[in-house]
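In this note's numbering, the protein residues as written are 3 to 308. For every residue, glycine included, the Cβ atom is placed at its ideal position computed from N, Cα and C.
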Amino acid sequence: MFGVRSITLTEALSALGGSTDTAGEAAAWTRIPRTVLALCAGAALATSGVAFQAVTRNPLADPGIFGVLAGASLAVVIGITFFNITRTMPTMLIASIGAFAAAVFVYCVGSIGHGGATPLKLALAGAATAAALSSLTSAILLPRADVMDAFRNWQIGSVSGAQWESLKIAFPLLGLGFVIVFLNSSGLNALSLDDDVATGLGINLTRTRVLTTLGAVLLCATTTAVTGPIAFVGLIVPHVLRMVLGTDHRVLIPASAMTGALLLTLADTVGRLVGDQSEIAVGIIMPLIGAPLFIWIVRRTRMRDL
3 MFGVRSITLT EALSALGGST DTAGEAAAWT RIPRTVLALC AGAALATSGV
53 AFQAVTRNPL ADPGIFGVLA GASLAVVIGI TFFNITRTMP TMLIASIGAF
103 AAAVFVYCVG SIGHGGATPL KLALAGAATA AALSSLTSAI LLPRADVMDA
153 FRNWQIGSVS GAQWESLKIA FPLLGLGFVI VFLNSSGLNA LSLDDDVATG
203 LGINLTRTRV LTTLGAVLLC ATTTAVTGPI AFVGLIVPHV LRMVLGTDHR
253 VLIPASAMTG ALLLTLADTV GRLVGDQSEI AVGIIMPLIG APLFIWIVRR
303 TRMRDL
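Here is the structure:
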């Protein structure tokens, strides 16, 4: 297991049994949950990216399109500013509440008018809501330097603070989110068609969109609450796999989960190794990897296909 202090697999397993030196035990008990969190977070973000892209019929959509990240950020800032919430578990709870509240608001706004929650209305409602919530977050932060310092530790996006206590809460929520999204994979295949065609195939569009959105928000909100916002995983992974595997969501969803898990774990490992006695957060590494890759994808793909 790589990092500022490398430990062997034998040391890690011995540490779990309590039979190793103090330094090895400390490293193992931080590295193991950190690696587990990186795997779970990468899988969750990639899966939610597939789901959001399918629901909105927008291949450029990512977990932030429903205002989930902006909602979580605003909730964390409010918690720090007005309630002095800085500990991991309360921060995780309030971030989840903010993310879900933002997603529900976006879906309600996108459902107004003729045709209900269409992909275009959902995307527009999400973009507008995210912009408004980000403005509120900035308005609260600007006059409070102390809050900015505390918020920055969460906002940067990292798996370094992983704890078994938070993972035990996150596991069932992430598992439920994966199950909900995967069970709707056939409906998502039909959803990629015209609404009239999908309805003719017997697909309940409203049910598929609501359940898929619920599962995706559950994945994204839970992950963001634990790690902070991490960009590009939910955007890049589905794009690349769609080029290789096609658009069948029964294949794309599990493949995205596995690829996202490996990608985020690799990015975290790179962040551990590049520094001498320090580490770079995965929230910084991922844009460095994702931005050039995304530019390549856009250049490779004809704009009319986006």
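- prompt: By the 10 Å Cβ neighbour count, where 16 or more other Cβ atoms means buried, how is H116 classified, buried or exposed?
  reply: On the sequence shown, position 114 is the one that residue 116 refers to. With fewer than 16 other Cβ atoms within 10 Å, it is exposed.
query: Nearest to F54 by CA position, among D196, L122, L76, is which residue?
result: By one-based count along the sequence shown, residue 54 stands at place 52. If we check each option's Cα against that of F54, L122 comes out closest.
query: With distances taken between CB atoms, is the gap from G159 to P231 smaller than 8 Å?
result: Within the sequence shown, residue 159 is the residue found at index 157, counting from 1. Within the sequence shown, residue 231 is the residue found at index 229, counting from 1. In contact: G159 and P231 (Cβ atoms closer than 8 Å).
M245 classed as buried or exposed, judged by whether at least 16 other C-beta atoms fall within 10 angstroms: Counting from one through the sequence shown, the residue named residue 245 turns up at place 243. Here M245 is exposed: its Cβ has fewer than 16 other Cβ atoms, across all protein chains shown, within 10 Å.
query: Helix or strand or just coil, what does DSSP make of D250?
result: Taking the first residue of the sequence shown as 1, we reach residue 250 at position 248. Residue state, collapsed to three classes: coil.
- request: Could you tell me if W156 is buried or exposed, where buried requires 16 or more neighbouring beta carbons within 10 angstroms of its beta carbon?
  value: Numbered from 1 along the sequence shown, position 154 holds the residue referred to as residue 156. Looking at its Cβ environment, which holds 16 or more other Cβ atoms inside 10 Å, W156 is buried.
message: By the three-class DSSP mapping on this structure, what secondary structure does M305 have?
response: Residue mapping note: residue 305 aligns to position 303 of the sequence shown, counting from 1. Caution is warranted here: a pLDDT of 48 is assigned to M305, below 50, making its placement in the model unreliable, and the coordinate value is therefore given only provisionally. Helix.
query: If we call anything under 8 Å between Cβ atoms a contact, is G81 one with I96?
result: In the sequence shown, counting from the first residue as 1, residue 81 sits at position 79. In the sequence shown, counting from the first residue as 1, residue 96 sits at position 94. Yes.
message: If I follow the unbroken alpha helix (DSSP H) through F102, where does it start and stop?
response: As a first step, residue 102 is located in the sequence shown; it is residue number 100 there, counting from the start. Run containing F102: 90 to 112, per the alpha helix (DSSP H) assignment.
message: For the alpha helix (DSSP H) containing E167, name the first residue and the last one.
response: On the sequence shown, position 165 is the one that residue 167 refers to. Unbroken alpha helix (DSSP H) run through E167: 166 to 185.
query: Near G189, what residues of its chain come up, given a Cβ to Cβ distance below 6 Å and the 5 sequence neighbours on each side ignored?
result: Along the sequence shown, one-based indexing puts residue 189 at 187. Beyond the five residues adjoining it in sequence on each side, G189 comes within less than 6 Å, by CB distance, of I205, T210 in the same chain, given in chain order.
message: Within a Cβ cutoff of 8 Å, which residues of the same chain sit near L243, ignoring the five residues on either side of it in sequence?
response: Position 241 of the sequence shown, counted from the start, is the residue given in the question as residue 243. Cβ neighbours of L243 beyond the five flanking positions: L254, A257, S258, T261.
task: For L311, I'd like the list of residues in its chain whose CB is within less than 6 Å of its CB, leaving aside the five on either flank, ordered along the chain.
output: Because the chain is modelled from 3 through 308, residue 311 falls outside the range shown and cannot be assessed.
field: For T49 and F180, believed in contact at Cβ under 8 Å, the rounded distance
entry: Taking the sequence shown and counting its residues from 1, the one referred to as residue 180 is at position 178. Taking the sequence shown and counting its residues from 1, the one referred to as residue 49 is at position 47. Yes, F180 and T49 are in contact; Cβ-Cβ is about 6 Å, under 8 Å.
- request: Return the residue from the list D270, M288, P289 that minimises the CA-CA distance to S280.
  value: In the sequence shown, counting from the first residue as 1, residue 280 sits at position 278. Nearest option by C-alpha distance: D270.
task: Go ahead and label A293 buried or exposed: buried means 16 or more other beta carbons lie within 10 angstroms of its beta carbon, across all protein chains shown.
output: Here the question's residue 293 lines up with position 291 in the sequence shown. Exposed, since its Cβ has fewer than 16 Cβ neighbours within 10 Å.
message: What would DSSP say about I158, mapped onto helix, strand or coil?
response: The residue given as residue 158 occupies position 156 in the sequence shown. I158: coil per DSSP, three-state reduction.
message: Count Cβ pairs between the segment 98 to 114 and the segment 195 to 204 that sit closer than 8 Å; are there 3 or more?
response: Output reads no: the segment 195 to 204 does not touch the segment 98 to 114.
task: Below 7 Å CB to CB, which residues in the same chain sit around L176 once its five sequence neighbours on both sides are set aside?
output: For the purposes of this step, residue 176 is taken as residue 174 along the sequence shown, with counting starting at 1. These residues qualify, in order along the chain: C42, A46, L221, T224.
field: Rounded C-alpha distance that separates A263 from V78
entry: In the sequence shown, counting from the first residue as 1, residue 263 sits at position 261. In the sequence shown, counting from the first residue as 1, residue 78 sits at position 76. Going from the Cα of A263 to the Cα of V78 covers about 25 Å.
task: Please report the Cβ distance between L207 and P35, rounded to the nearest whole angstrom; I am assuming they are in contact, meaning their Cβ atoms lie under 8 Å.
output: Numbered from 1 along the sequence shown, position 205 holds the residue referred to as residue 207. Numbered from 1 along the sequence shown, position 33 holds the residue referred to as residue 35. Rounded, the Cβ-Cβ distance is 40 Å, inconsistent with contact.
Run of the alpha helix (DSSP H) containing D197, from where it starts to where it stops: The residue you call residue 197 lines up with position 195 of the sequence shown. Unbroken alpha helix (DSSP H) run through D197: 197 to 202.
- prompt: Out of I297, A218, S187, A227, which has the shortest C-alpha to C-alpha gap to I238?
  reply: In the sequence shown, the residue the question calls residue 238 occupies position 236. For the residues I297, A218, S187, A227, the minimum Cα distance to I238 belongs to I297.
query: Run through DSSP, which three-state label would F234 get?
result: Here residue 234 refers to the residue found at position 232 when the sequence shown is read from its first residue. F234: coil per DSSP, three-state reduction.
query: Which whole-angstrom value describes the C-beta separation of G128 and G44, a residue pair presumed to lie in contact below a C-beta threshold of 8 Å?
result: Locating residue 128 in the sequence shown gives position 126, where the first residue counts as 1. Locating residue 44 in the sequence shown gives position 42, where the first residue counts as 1. The beta-carbon distance between G128 and G44, rounded to whole angstroms, is 23 Å. This is too long to meet the 8 Å contact definition.
- prompt: Thinking C-alpha only, which one of S75, L247, T37, L39 is nearest A132?
  reply: Position 130 of the sequence shown holds residue 132. The shortest C-alpha separation from A132 is found at S75.
field: Beta-carbon proximity list for L213, same chain, < 7 Å, skipping 5 on both sides
entry: Translated into the one-based positions of the sequence shown, residue 213 becomes position 211. For L213, where only same-chain residues beyond five positions count, the Cβ hits under 7 Å are I182, N186.
query: What distance in whole Å lies between the Cβ atoms of L39 and V161, which are believed to be in contact at a cut-off of 8 Å?
result: As a working note, residue 161 is residue 159 in the sequence shown. As a working note, residue 39 is residue 37 in the sequence shown. At roughly 5 Å, the Cβ-Cβ gap stays under 8 Å, so V161 and L39 are in contact.
message: Just verifying my parser: in three-state terms, what is the DSSP assignment at H241?
response: What you label residue 241 is simply residue 239 of the sequence shown in a count that begins at 1. Looking at H241 - three-state DSSP - the assignment turns out to be helix.
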